[in-house]
Each structure stands twice: as C-alpha cells, then as structure tokens.
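Asker: Mapping of the sequence shown onto this note's numbering: position 148 corresponds to residue 744, and the numbering continues sequentially without gaps.
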Amino acid sequence: MNNFGARDVDVVVIGAGQAGLSGAYHLRRAGLEPDRDFVGLDHAPRAGGAGQFRWPSLTYGKVHGMHALPGMELTGADEGRRSSEVIGEYFSAYEERFGLLVHRPVDVRAVRAGEGGRLLVESSEATWSTRALINATGTWDRPFWPRYPGQETFRGRQLHTVDYPGPEEFAGQRVIVVGGGASGTQHLMEIAEVAADTTWVTRRPPVFREGPFNEDAGREAVAMVEERVRRGLPPMSVVSVTGLPLTDAVRRARESGVLDRLPMFDRITPTGAVWDDGRTVEADVILWATGFRAAIDHLAPLRLREMGGGIQVEGTRAVRDARIHLVGYGPSASTIGANRAGRAAVREIKQLLEREPSLA
Numbered sequence: 597m598n599n600f601g602a603r604d605v606d607v608v609v610i611g612a613g614q615a616g617l618s619g620a621y622h623l624r625r626a627g628l629e630p631d632r633d634f635v636g637l638d639h640a641p642r643a644g645g646a647g648q649f650r651w652p653s654l655t656y657g658k659v660h661g662m663h664a665l666p667g668m669e670l671t672g673a674d675e676g677r678r679s680s681e682v683i684g685e686y687f688s689a690y691e692e693r694f695g696l697l698v699h700r701p702v703d704v705r706a707v708r709a710g711e712g713g714r715l716l717v718e719s720s721e722a723t724w725s726t727r728a729l730i731n732a733t734g735t736w737d738r739p740f741w742p743r744y745p746g747q748e749t750f751r752g753r754q755l756h757t758v759d760y761p762g763p764e765e766f767a768g769q770r771v772i773v774v775g776g777g778a779s780g781t782q783h784l785m786e787i788a789e790v791a792a793d794t795t796w797v798t799r800r801p802p803v804f805r806e807g808p809f810n811e812d813a814g815r816e817a818v819a820m821v822e823e824r825v826r827r828g829l830p831p832m833s834v835v836s837v838t839g840l841p842l843t844d845a846v847r848r849a850r851e852s853g854v855l856d857r858l859p860m861f862d863r864i865t866p867t868g869a870v871w872d873d874g875r876t877v878e879a880d881v882i883l884w885a886t887g888f889r890a891a892i893d894h895l896a897p898l899r900l901r902e903m904g905g906g907i908q909v910e911g912t913r914a915v916r917d918a919r920i921h922l923v924g925y926g927p928s929a930s931t932i933g934a935n936r937a938g939r940a941a942v943r944e945i946k947q948l949l950e951r952e953p954s955l956a
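#1: Which ranges would you report for the alpha helix (DSSP H) in the segment 841-898 if only whole runs of at least 4 residues count?
#2: Kindly indicate which three-state DSSP category MET903 falls into: helix, strand or coil?
#3: Using only CA atoms, which one of PRO801, VAL758, LEU715 and LEU842 lies nearest to ALA918?
#4: ARG625 to GLN947, Cα distance in whole Å?
#5: Taking only the alpha-carbon atoms, compute the straight-line gap between THR867 and GLU721 and give it to the nearest angstrom.
#6: Could you tell me whether the Cβ of PHE861 comes closer than 8 Å to any Cβ of chain B?
#7: Helix, strand or coil for GLU764? Go by DSSP, reduced to three states.
#8: Report all residues from its chain with a CB closer than 6 Å to the CB of ASN731; omit the five preceding and five following residues, and keep chain order.
#9: Drop a sphere of 10 angstroms on the beta-carbon of LEU729, count the other beta-carbons inside from all chains shown, and report buried for 16 or more, exposed for fewer.
#10: If you run the structure through DSSP and keep just helix, strand and coil, what is GLN908?
#11: For GLU902, which residues in the same chain have their Cβ closer than 6 Å to its Cβ, ignoring the five residues on either side in sequence?
#12: Once DSSP output is grouped into helix, strand and coil, what is the label at THR757?
#13: Reducing DSSP to helix, strand and coil, say where ALA956 ends up.
#14: What residue from GLY645, ASP638, ALA879 and PRO652 has the CA that sits closest to VAL702's CA?
#15: Please name the residue, chosen from GLU878, THR912 and MET785, that lies closest to GLU586 on a Cα-to-Cα basis.
#16: Specify the secondary structure class of PRO653 as computed by DSSP and reduced to three states.
#17: Within the present structure, is the beta-carbon of GLY906 separated from the nearest heavy atom of the ligand SAH by less than 7 Å?
#18: Rank PRO841, ALA845 and VAL825 by C-alpha distance to the C-alpha of VAL915 and give the top, closest one.
#19: Using DSSP bridges, identify the partner residues of THR723.
#20: Alpha helix (DSSP H) containing ALA626: first to last residue?
#21: Am I right that TYR690 and LEU654 are in contact with their C-beta atoms under 8 Å? What's the rounded C-beta distance?
#22: Take GLU764 as the anchor and find which of GLN782, GLY777, ILE787 and HIS894 has the nearest alpha-carbon.
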C-alpha cells in the first residue's frame with residue numbers, strides 16, 4: 597500500500613468473463629502472480645461472466661458461439677442443461693485450476709490518472725494503484741433501449757433481453773418482439789409456442805446465413821468491426837455482421853410464419869404500436885431484444901472517447917492511453933476473439949512493464 601492509501605499492483609483486470617479470464621490467464625503465463633502483481637475485479641456475485649445471467653430456457657446447446665477458455669477445454673457438457681449453469685461451473689473450475697483469485701463482488705466506480713504515471717482504480721473494495729489496466733467489462737450491464745414516440749404511454753409490460761424470464765410468462769398474451777439478432781429470434785420462437793399472438797419488428801431486414809460460417813467469413817466480419825474502433829466509432833458486435841444461422845428450428849419458424857418480419861413501427865400507443873402507413877398491432881408486451889452497449893462509463897475520467905463516440909483502439913490498446921487495453925471490445929467481443937485479445941494485450945503490457953520501471 598502506498599502513501600495515498602491505494603494498493604499497488606502492476607496490472608488491474610476489470611471483469612471476469614471470457615475476456616477478463618483470458619487476460620488473467622495470460623498474465624499468469626507471463627510470470628505475474630495474482631494478488632501480488634495483478635488483481636482481478638468482478639462485480640458479479642459468482643463466476644460465470646454474463647453467462648450466469650442468461651434466461652432459464654437458454655440451454656447450452658443453443659448458446660451462440662461459445663468458445664473454450666485458453667488452456668482448458670469445456671468437454672462433456674449436457675446440451676440440454678441451462679447454459680447459465682454449464683458456463684458458471686466451467687468458469688468457476690477454470691478460476692480454481694489456474695489460481696486466478698478473482699475478487700467479487702467488487703464494483704469499479706472510476707479509473708483516474710494517478711501520480712508517477714500510474715492509474716487509480718476506485719472500487720467498492722479498495723483503491724488500486726496500477727501501471728496498466730485490462731478492461732474486460734463487456735456489455736451485459738448496458739442494455740440498449742431505443743426511444744419511440746408514445747413509449748411512456750404503453751399500458752402493457754416492456755422489458756429487455758436482460759430481464760427475459762423465459763416463455764412461460766407470456767402465455768396467452770400478444771407480444772411484440774423488437775430486434776433482429778440471435779436473442780430476438782430465440783425469444784420469438786420460444787414465445788410463439790405459448791403466446792396468443794406474436795409480431796416481429798426489426799430496423800433492417802434480417803439476413804439469414806446459409807451454410808457453415810467459415811474462417812474467411814469470420815475474418816471479414818471481424819475486419820468490419822475493427823475498422824469502426826480504429827476510427828473511434830462505437831463498435832458493432834461481431835454477431836451483428838455475421839447474419840443469423842439458418843438452423844432447422846429457424847427454417848420451421850420461417851415456414852410457419854413466426855419469423856415474418858415487419859419494419860419498425862413509428863409510434864407506440866397505450867395498447868400497442870402503429871405505423872405511418874396505417875398498420876396497427878395490439879399488444880400486451882413489448883420485448884426489446886435490441887442489444888447492448890460497451891460498459892465503459894468508469895473510464896470516463898480518462899477522456900478516452902473520440903468525437904465519434906467510441907474509444908479508438910489499435911489491437912487492444914487505447915490510442916489515447918497506452919496503459920489501457922480493452923479486451924472483449926469491438927472486434928474481440930466474440931468468445932474466440934476475447935481469447936486472442938487477452939494474449940495480445942498481455943504481450944504489450946509485459947513490454948510496457950519492462951520498458952518503464954515502476955516509480956512506486
């Protein structure tokens with residue numbers, strides 16, 4: 597602990613989802629010890645990252661693009677079990693195997709410039725003085741709610757994917773599902789089996805992907821997202837540019853009309869939604885499957901954002917501050933991307949630590 601009451605470490609890792617655990621693993625591989633050279637902070641009550649909060653009806657077999665953590669495969673998982681249970685147990689076992697000593701639940705409130713070229717990480721547990729930071733806070737804590745005229749007048753229920761309880765609560769109800777991503781289609785197909793009526797609404801016509809998602813397609817999708825963060829624009833998710841996989845379940849839903857899509861409504865009324873062309877839909881529930889934004893408000897004191905609204909990133913490094921690495925942000929937001937980004941971030945951090953000896 598230094599003279600200012602802050603605890604000194606070389607690296608702080610914020611977040612213990614796929615990206616944060618990847619970063620912590622590679623720090624250990626680079627010879628840094630948890631709770632001596634680096635500390636991992638996670639606001640969740642237990643291991644599992646955002647995966648522990650997924651809705652009960654999302655089984656492991658339905659998870660979109662889960663990739664193993666570095667150094668330890670996930671094998672033999674029952675595809676019929678809740679994904680939150682499978683992933684939570686896997687992450688917990690991973691932390692234990694590699695002795696990552698994640699501190700939780702800890703809320704990080706702000707990251708500020710400190711003395712001697714260090715950063716101050718202010719948290720509910722303590723203030724940490726660090727030479728470098730891996731920010732792996734993901735998006736789950738920042739659900740995006742679009743705003744439409746009349747939204748506040750709706751007399752039914754409005755909820756977001758982050759609050760989705762599973763299909764049973766919508767039995768016999770008329771439900772509008774908003775959003776063209778994987779979550780929106782999964783919610784819609786589940787709810788349609790029990791609801792009185794469902795309506796699917798998206799801003800853009802959905803793109804369904806035929807055939808396997810090969811390596812070339814993956815590289816192209818990542819490159820599109822990478823270009824945005826290189827220009828300092830808010831990132832799109834990698835999934836948003838890959839299209840929706842055309843599974844057997846999706847084919848059946850299209851054939852039955854469940855996935856007949858309408859363009860976005862223009863206004864919300866007390867009893868539903870209306871379009872300027874005169875179309876109306878009555879509804880008891882509006883479910884916003886409209887995605888998430890990066891949870892990076894705690895970095896605001898560092899003034900990293902560009903005019904475009906995002907943080908300009910080269911690889912994983914923030915262009916405005918070489919001490920800051922964003923892992924699981926933009927092109928590394930996919931699970932396999934997070935693994936690679938964790939390794940890349942640690943490689944650069946190790947060079948930084950060797951190049952600039954500690955002034956503490």
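Glycine included, C-beta positions come from ideal geometry on N, C-alpha and C.
Answerer: This is what the structure holds:
#1: 844-852
#2: On the sequence shown, position 307 is the one that residue 903 refers to. Coil.
#3: Here residue 918 refers to the residue found at position 322 of the sequence shown. Ranking PRO801, VAL758, LEU715 and LEU842 by Cα distance to ALA918 puts LEU715 first.
#4: As a first step, residue 625 must be located in the sequence shown, where it is residue number 29. As a first step, residue 947 must be located in the sequence shown, where it is residue number 351. So the alpha carbons of these two residues sit roughly 14 Å apart.
#5: The count along the sequence shown starts at 1 and reaches residue 867 at position 271. The count along the sequence shown starts at 1 and reaches residue 721 at position 125. If I take the Cα positions, the gap works out to 46 Å.
#6: No chain B is present in this structure, which holds just one protein chain.
#7: As a working note, residue 764 is residue 168 in the sequence shown. Reduced to three states, the DSSP call for GLU764 is helix.
#8: For this step, residue 731 is matched to residue 135 along the sequence shown. Around ASN731: ILE610 and LEU922.
#9: Here residue 729 corresponds to residue number 133 of the sequence shown, with the count starting at 1. It counts as buried.
#10: Within the sequence shown, the letter at position 312 stands for residue 908. Coil, per DSSP.
#11: Mapped onto the sequence shown, residue 902 falls at position 306. Correct list, in chain order: GLY828 and GLN908.
#12: Numbered from its first residue, the sequence shown carries residue 757 at position 161. It is helical.
#13: Sequence index remark: in the sequence shown, residue 956 carries index 360 (1-based). Residue placement at ALA956 is poorly supported in this model, since its pLDDT is 45, which falls under 50; the coordinates are not used for a value here.
#14: Here residue 702 is taken as the residue at index 106 of the sequence shown, counted from 1. For VAL702, the nearest C-alpha among the options comes from ASP638.
#15: Since the first and last residues shown for the chain are 597 and 956, residue 586 lies out of range.
#16: For the purposes of this step, residue 653 is taken as the residue at position 57 of the sequence shown. Looking at the sequence shown, residue 653 is not Pro but Ser. If DSSP states are grouped into helix, strand and coil, SER653 belongs with coil.
#17: For the structure depicted, the ligand SAH is absent and the ligand set is empty, with no information on it obtainable.
#18: To locate residue 915, count along the sequence shown from 1; it is residue 319. It is VAL825.
#19: Here residue 723 refers to the residue found at position 127 of the sequence shown. Answer by DSSP bridge pairing, in chain order: GLU718.
#20: Locating residue 626 in the sequence shown gives position 30, where the first residue counts as 1. Element bounds for ALA626: n/a, residue is neither H nor E.
#21: Here residue 690 corresponds to residue number 94 of the sequence shown, with the count starting at 1. Here residue 654 corresponds to residue number 58 of the sequence shown, with the count starting at 1. Their Cβ separation, rounded to whole angstroms, is 20 Å, which puts TYR690 and LEU654 out of contact at 8 Å.
#22: Taking the first residue of the sequence shown as position 1, residue 764 is located at position 168. The option with the nearest alpha carbon to GLU764 is ILE787.
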